[in-house]
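Quick note on numbering: the UniProt record's numbering labels position 876 of the sequence shown as 876, and the sequence is numbered without any gaps. Think of the CB as a built atom: it goes at the ideal place given N, C-alpha and C, for glycine as much as any other residue.
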Amino acid sequence: MLQSKSFVKKTRQGKVVKVVREHYLRDDIYCGSPLCTVCDVAAARLSPTASTIIVVDTNVVLHQIDLLENPAINDVVVLSVVLEEVKNRNLSVYNRLRAICSNSLRRFFIFSNEYHKDTYVKIETGESPNDRNDRAIRVATQWYQNHLGGAVRVLLITNDIENKNKALKDGIHVETVESYVKLLGQPALLDLIVQPQSEDVTMEDADDDLRPSKRKTMYPEHKPMSEITSGLHRGIYHQGKLRVNRFNSFEAYVGSESIGDEIIIHGRSNMNRAFDGDIVVVELLPQDQWQQEGSLAITNDDDDEEDDVHLAPGSADDAPRVSNLMQASAGDKEVMPARPSGRVIGIIKRNWHSYCGSLDPMPMPAGGGGVAHALFVSKDRRVPKIRIQTRQLGNLLDKRIIVAVDSWDRLSRYPSGHYVRTIGQIGDRETETEVVLIENDIDARPFSSQVLACLPPLPWSVSAEDVENPIRQDLRHLRVFSVDPPGCRDIDDALHCTLLPNGHFEVGVHIADVTNFVHPGTPLDDEASKRGTSVYLVERRIDMLPKPLTEDICSLRSDVERLTFSVIWEMTPEAEIVSTRYTKAIIKSCAAMSYVEAQARMDDSRLMDPLTTDLRNMNTLAKIMRQKRIERGALTLASAEVKFEIDTETHNPLDIGMYQIREANQMIEEFMLAANISVATKVLEHFPFTSLLRRHPNPTKEMLEPLLQTAAAVGISLDVTSSKALADSLDGAVAVGDDPYFNKLIRILATRCMTQAVYFCSGDLSPPEFLHYGLATPLYTHFTSPIRRYADVIIHRLLAASLGICKLPDIFQERPRLTSVADNLNYRHKNAQMASRASVELHTLIYFRKRPTDTEARILKIRSNGFIVFVPKYGIEGPVYLMQRGEKAEGEWIIDEQQQKIKKVNGDVTYGVLQTVRIHMEVVEPQPNRPKLELTLI
1 MLQSKSFVKK
11 TRQGKVVKVV
21 REHYLRDDIY
31 CGSPLCTVCD
41 VAAARLSPTA
51 STIIVVDTNV
61 VLHQIDLLEN
71 PAINDVVVLS
81 VVLEEVKNRN
91 LSVYNRLRAI
101 CSNSLRRFFI
111 FSNEYHKDTY
121 VKIETGESPN
131 DRNDRAIRVA
141 TQWYQNHLGG
151 AVRVLLITND
161 IENKNKALKD
171 GIHVETVESY
181 VKLLGQPALL
191 DLIVQPQSED
201 VTMEDADDDL
211 RPSKRKTMYP
221 EHKPMSEITS
231 GLHRGIYHQG
241 KLRVNRFNSF
251 EAYVGSESIG
261 DEIIIHGRSN
271 MNRAFDGDIV
281 VVELLPQDQW
291 QQEGSLAITN
301 DDDDEEDDVH
311 LAPGSADDAP
321 RVSNLMQASA
331 GDKEVMPARP
341 SGRVIGIIKR
351 NWHSYCGSLD
361 PMPMPAGGGG
371 VAHALFVSKD
381 RRVPKIRIQT
391 RQLGNLLDKR
401 IIVAVDSWDR
411 LSRYPSGHYV
421 RTIGQIGDRE
431 TETEVVLIEN
441 DIDARPFSSQ
451 VLACLPPLPW
461 SVSAEDVENP
471 IRQDLRHLRV
481 FSVDPPGCRD
491 IDDALHCTLL
501 PNGHFEVGVH
511 IADVTNFVHP
521 GTPLDDEASK
531 RGTSVYLVER
541 RIDMLPKPLT
551 EDICSLRSDV
561 ERLTFSVIWE
571 MTPEAEIVST
581 RYTKAIIKSC
591 AAMSYVEAQA
601 RMDDSRLMDP
611 LTTDLRNMNT
621 LAKIMRQKRI
631 ERGALTLASA
641 EVKFEIDTET
651 HNPLDIGMYQ
661 IREANQMIEE
671 FMLAANISVA
681 TKVLEHFPFT
691 SLLRRHPNPT
701 KEMLEPLLQT
711 AAAVGISLDV
721 TSSKALADSL
731 DGAVAVGDDP
741 YFNKLIRILA
751 TRCMTQAVYF
761 CSGDLSPPEF
771 LHYGLATPLY
781 THFTSPIRRY
791 ADVIIHRLLA
801 ASLGICKLPD
811 IFQERPRLTS
821 VADNLNYRHK
831 NAQMASRASV
841 ELHTLIYFRK
851 RPTDTEARIL
861 KIRSNGFIVF
871 VPKYGIEGPV
881 YLMQRGEKAE
891 GEWIIDEQQQ
901 KIKKVNGDVT
911 YGVLQTVRIH
921 MEVVEPQPNR
931 PKLELTLI
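Structure below.
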């Protein structure tokens, strides 16, 4: 049956055109119930024992997705009209709903009501699209009732009063979400229900901490969108992403392109209900209310939030965490210019998601049962406390739980949310590790059977067909070896270095040929694309690809034949590249060494065997290559990378220390960089608009300001006009006296001022923007780790297509799709980094729990009530307070902004940036269930 529908739309050129679309209707679409006597039940998804089938409307899906994800909710019909409307209104919820529907363990069935002749409805004259969709949902529900003939009860779930009344009038069984959940007889499920926003101001005002106040306005009203748009256009408002300071949740920054600087937001009142990551609109405060960064304070985890939220907007007292310490007067010292300060007047896009944490300790309500109002405290201290209602308080007080935010009324001190699920016992290492994964959106689920079905059977070995393949060169005769961290099992790179008769060297970088096993469009490829990267936690690795591939089939282990994609250069002894070739190959590695083993070989003058000679030759070339990079302006930066020794049985940390970089590490790094640069050049030459490259944008002057300020305070002048100038300045940044760690500390600070390197599609930017600032190279990409990074998988496919080995996959024909892939890779890469750091912090806490320690630390930042220190021995950073909470600050200390010093009044005690101090490190628990590593001055 054919239906035609027409509508008008405006083109980009402004013309109005009529569009006619044909809509085919069918009568053979199955209902999905095994109890049906009419449909083919072979593909039925609903339960044969279900007493009730529920049909959900769009708003139920949009607002109650956490409830729908609970395994207790089953036998759900999702109509295609609902699916499409959810997709248009919230893509994240749509993806979650699709995941439930495709889960074979859940009984959710998608019914194509828009294509069934008995359930399709036309829009009526004067009817809104929303009303038409509601009517379509009621028609489909009624059809199910009639179609199943009483074999099972069909129930429409809606919180829309008008929709409910119309359904009742039509003889449809209907319930609200809450009334349906009560029918299930599982009170705990009621905690998952999102309460309507209007309830924020109608709840009984018995406890001002846990319930919103009806008496006073806590926050200013957000401006209407029309005023915001006008203000942005006129330049009086500024838009950007809000970033909350991780050491002070009352201090945030909004990067603004319109004023070319970051705007500081002081206090919860000025943040005006914005969360970290929200896209906000900011109004600048009068200049006499701007503050200098050094006058900002660091806050304790147990600092109270309440004093800060009912002040007049823009008042001088709007940020109580900013201490009013004595400042050096302008007559004595040059005062640093104040930073632009502002307040949030509107929120363009929310960054709300689910948060991990625990409930504020509280007594059980009288009687012990019923609904309790509780405050949830996120593990991420940048997130404000969240009010929830729960019927299971006694079971949750000692647990890590997940809570989602629903709303934040301006009459409420805290946002309102709802309980989602319990993770586990507070303090348990497995529970806390799962928190790390959830907070950083890391998918650690086992690979599905569909993904595993894409793998070749084990044991796998190179076949005769592989050897005879004309695209693959047999390099098994070469002396190939790998050098990796100790215990590495996913070896994706190996090298060889052969002296040629003409005195030159043939150097090869051999990379695991992952794309020989991961084919475009397969479940394996789709899963790798979503995960984007492997994630390295302290005690385990979460793979992008299944272990049979990462640790066996693709891993370039010693003494086994493996497939590679290789870059081979002819180089002069001065490390000049004479020629480059790319080939798929077969190798047989003769040795898989750790960095320590490779370094020991090179350092042992007694060893003169061929493998050691190859290592030394490669190291000599690498040193020359490194020096040339530095001369071009490449930066030698430093990071505070920590290494743990882990107990193999308990997985608890036995020892902790800074990661040591050796010449062997730098040698491997140099050749990997060279391979990435060579491949970037090759693929861009063939695919100028659809290559996936990696860029490192130049840091702005504002980003480098903290580094310049710190360096100036210790008498060092840094030139930041170019990467070359900065690199030379960093080389000359040496302290007076014997302080070997000083230069590394300056480099760590420089690293933190840098922008993030990002993946991008070459067609989206102009060639000058391709530059990688840190490496000082005009082109760069990732080719050398396809086992661990999906970006490298893409580059392998591009390189193969450029060599005519295979056809270019469809994704590279469409630039927007490649841009979307690049965006996901950047998101996944950043999350993996954050998860790794959080894992280090967790294991640091576990390590020091029973090991109070005195050690040396270096001051990184001066604040009004203390300073931020870095502990070189352990790679730990944290606050040290000069005043305890509640102590009066006035008259106690003087801050010198220019010299980055804090001095005690009437005393000779002075602390300056980069100064060494002795500290005591100990795990304390200032609040129940909230251990933290406390750093105190000795």
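| Asked | Found |
| --- | --- |
| Rounded to the nearest angstrom, what separates residue 846 and residue 397 at their Cα positions? | 21 Å |
| What's the gap between the Cα of residue 716 and the Cα of residue 234? | 42 Å |
| Name the DSSP bridge partner or partners of residue 536? | 541 |
| Give the straight-line distance between the Cα atoms of residue 225 and residue 274, rounded to the nearest whole angstrom. | 16 Å |
| Once the 5 residues before and after residue 546 are set aside, which same chain residues still bring their CB inside 7 Å of it? | 447, 451, 452 and 455 |
| Determine the DSSP secondary structure at residue 948, reduced to helix, strand or coil. | In the structure displayed, the chain extends from 1 to 938; residue 948 sits before or after that span and is not available. |
| Classify residue 473 as helix, strand or coil using the three-state DSSP reduction. | strand |
| Could you say which of 793, 774 and 775 lies nearest to residue 782 if we only look at CA atoms? | 793 |
| Which ranges does the beta strand (DSSP E) cover as unbroken runs of at least 3 residues, wholly within the region 432–505, from first to last along the chain? | 472–474, 480–484 and 493–499 |
| Measuring only the C-alpha atoms, how far is residue 876 from residue 379? | 18 Å |
| Residue 568 lies in the beta strand (DSSP E); which residues open and close that run? | 561–571 |
| Could you tell me the alpha carbon to alpha carbon distance between residue 837 and residue 140, rounded to whole angstroms? | 50 Å |
| Are there three or more Cβ pairs, one per stretch, closer than 8 Å when the region 127–142 is compared with the region 168–180? | yes |
| Pick from 580, 561 and 604: whose alpha carbon is nearest that of residue 590? | 561 |
| Helix or strand or just coil, what does DSSP make of residue 973? | No statement about residue 973 is possible, as the shown extent of the chain runs from 1 to 938 and does not include it. |
| Between the Cα of residue 508 and the Cα atoms of 64, 389 and 480, which residue gives the shortest distance? | 480 |
| Just reading off the alpha helix (DSSP H) that residue 878 is part of, what are its end residues? | From DSSP, residue 878 is part of no alpha helix (DSSP H) but of the beta strand (DSSP E) over 876–881. |
| Look up residue 653 in the DSSP assignment and give the residues it is bridged to. | 646 |
| From residue 251 to residue 854, what distance separates their C-alpha atoms? | 30 Å |
| Please report the straight-line C-alpha distance between residue 93 and residue 65, rounded to a whole angstrom. | 7 Å |
| State the start and end residues of the unbroken beta strand (DSSP E) segment that holds residue 239. | 237–245 |
| Would you call the region 526–543 in contact with the region 773–782, where contact means no fewer than 3 C-beta pairs closer than 8 Å? | no |
| Return helix, strand or coil for residue 762, following the three-state DSSP convention. | helix |
| Exposed or buried, what is residue 202 when buried is set at 16 or more other beta-carbons lying within 10 Å of its beta-carbon? | Any reading at residue 202 needs caution, since the residue's pLDDT is 30, under 50, leaving its predicted position unreliable; the model's value is listed next. The residue in question, residue 202, is exposed, as its Cβ has fewer than 16 Cβ neighbours within 10 Å. |
| Within the continuous alpha helix (DSSP H) that includes residue 834, where are the two ends? | 815–848 |
| Return the residue from the list 277, 258 and 248 that minimises the CA-CA distance to residue 266. | 248 |
| Go ahead and pull the three-state DSSP assignment for residue 108. | strand |
| Is it a yes or a no for the region 583–601 touching the region 697–716, going by three-plus beta-carbon pairs under 8 Å? | no |
| Would you kindly report the start and end of the unbroken beta strand (DSSP E) that includes residue 264? | 261–266 |
| Going by alpha carbons, who is nearest to residue 895 out of 882, 908, 584 and 862? | 862 |
| Quick one, are the C-beta atoms of residue 784 and residue 511 less than 8 Å apart? | yes |
| Report the CB separation of residue 402 from residue 476 in whole angstroms; it is logged as a contact under 8 Å. | Not a contact, Cβ separation roughly 52 Å. |
| Could you check whether residue 95 and residue 189 sit closer than 8 Å to each other, using their CB atoms as the reference points? | no |
| When DSSP labels each residue in this structure, what does residue 899 get in the three-state scheme? | coil |
| Buried or exposed for residue 667, please, with buried defined as at least 16 other CB atoms from any protein chain shown within 10 angstroms of its CB. | buried |
| Applying the criterion that 16 or more other CB atoms from any shown protein chain within 10 Å of the CB defines a buried residue, is residue 221 buried or exposed? | exposed |
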